[in-house]
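The structure appears right after this line, and notes come after that.
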Amino acid sequence: MRAGVFLCRSGRRLVSPPMRLPLLLAVPLLATLPAWAAVEMKQGPEKVRVEIGGQLFTEYCFTGAPHVYFHPLIGPGGARMTRDWPMQETPGEERDHPHHRSLWFSHGAVNGVDFWTEAAPGKTLKQPSGRIEHVKFLEVQGGEKEGVIRDQLRWVAADGSVPLTSVQTFRVRDGAARAIDFSMTLTAGEKAVTLGDTKEGTMAVRIAESMRLILPGKKPGAGKIVNSAGDTDRAVWGKKAAWVDYSGPVEGKVVGIAIFDHPKNPRHPTRWHARD
């Protein structure tokens, strides 16, 4: 599930106010959970481990891949809500789209440069793609009700040029449902930048296999998609909506992931690349 795209000019903030994409992770019957649990950030050389109430929620992985990402993504009750591959091997998972790294942000057309696609292990791309590289952390802070990760990135094309830099902020909250509030400011480099009209971008999540509408082998799945307009399943594709929710069974629990398009984002409500 992804948000829309927009145009920008050189040397200026590309989104003002910053683009915001809240992510909500929910499961039913949460009355027995505490109202709030402390969010702790443990920074390492390759990842920031995010714990809620002393238990792993996710890890922000900022090295070792063409773009930064969150993996795993664990909902209340311990359900692993996103695909593990290519970060790790899990039986029964499809090995397609290696750039689908759990939860991430990238874009497939930045002045014609593809920052979205990633080569499969042992393969090369016909046209080299760009990399979104972590530069430094500006803030990594836990708290009683909220944790924050704020970092600076640079978007490096295959020729070494840097058409974009970005600062992104993730605010992690716990409660009746777990939430990540994401905002990003993109700044053009020396040249004007156009983020092209493509379905390959921007904020995205690859759900767990058991939550899909269609399972490997084209078998019907138990997943369900619904958007704010009331469209469901395959009818959600390409439609404008304020949010999209994907739900289904994981490890014996019915869980859901929703992404919300902030009302102040460009072209709100956006169109969604959400399908089986």
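First residue of the sequence shown? That's 26 in our numbering, and the numbers climb one at a time after it. By construction, the Cβ of each residue, glycine as well, lies at the ideal position given by its N, Cα and C atoms.
{"query": "Cβ contact check for the region 97-108 and the region 183-194: 3 or more pairs under 8 Å", "result": "no"}
{"query": "Spatial distance of THR212 from VAL269 (CA atoms)", "result": "28 Å"}
{"query": "Among ALA204, SER127, LEU81, nearest to VAL93 - alpha-carbon criterion", "result": "SER127"}
{"query": "Range covered by the beta strand (DSSP E) that runs through ASP270", "result": "268-275"}
{"query": "Same chain only: Cβ atoms within 8 Å of PHE87, ignoring 5 sequence neighbours per side", "result": "GLU71, LYS72, VAL73, VAL93, HIS159, ASP176"}
{"query": "Assigned secondary structure, MET236 (DSSP; H/G/I helix, E/B strand, else coil)", "result": "helix"}
{"query": "DSSP state of ARG300 mapped onto helix, strand, coil", "result": "coil"}
{"query": "Contact check, PHE130 vs MET66, beta carbons under 7 Å", "result": "no"}
{"query": "Exposure of ASP222, with buried meaning 16 or more beta-carbon neighbours within 10 Å", "result": "exposed"}
{"query": "Cα-Cα separation between ASP256 and PRO111, rounded to whole angstroms", "result": "31 Å"}
{"query": "Between the CA atoms of LEU240 and GLY248 - distance to the nearest angstrom", "result": "9 Å"}
{"query": "Supposed contact pair ASP286 and ALA299 - C-beta distance, whole angstroms, cut 8 Å", "result": "Not quite, the Cβ-Cβ distance comes to about 12 Å (not below 8 Å), so this is no contact."}
{"query": "One or two residues paired with VAL280 in a DSSP bridge", "result": "GLY273"}
{"query": "ASP121 burial status per 10 Å Cβ neighbour count (16 or more: buried)", "result": "exposed"}
{"query": "Distance between PRO91 and VAL138 (C-alpha atoms, nearest Å)", "result": "13 Å"}
{"query": "Collapsed DSSP secondary structure at ARG175 in the structure displayed", "result": "strand"}
{"query": "Neighbour-count burial assignment, LEU220, 16 or more Cβ in a 10 Å radius", "result": "buried"}
{"query": "Buried/exposed call for GLY273, threshold 16 Cβ in 10 Å", "result": "buried"}
{"query": "Beta-carbon proximity of LEU98 to THR83, cut-off 7 Å", "result": "yes"}
{"query": "Best match in VAL75, ARG237, ILE232 for proximity to GLY168 [C-alpha to C-alpha]", "result": "VAL75"}
{"query": "Beta-ladder partner(s) of TRP312, from DSSP", "result": "There is simply no residue 312 to check, as the chain begins at 26 and stops at 301 in what is shown."}
{"query": "Residue environment, ALA182, which counts as buried when at least 16 other CB atoms sit within 10 Å", "result": "buried"}
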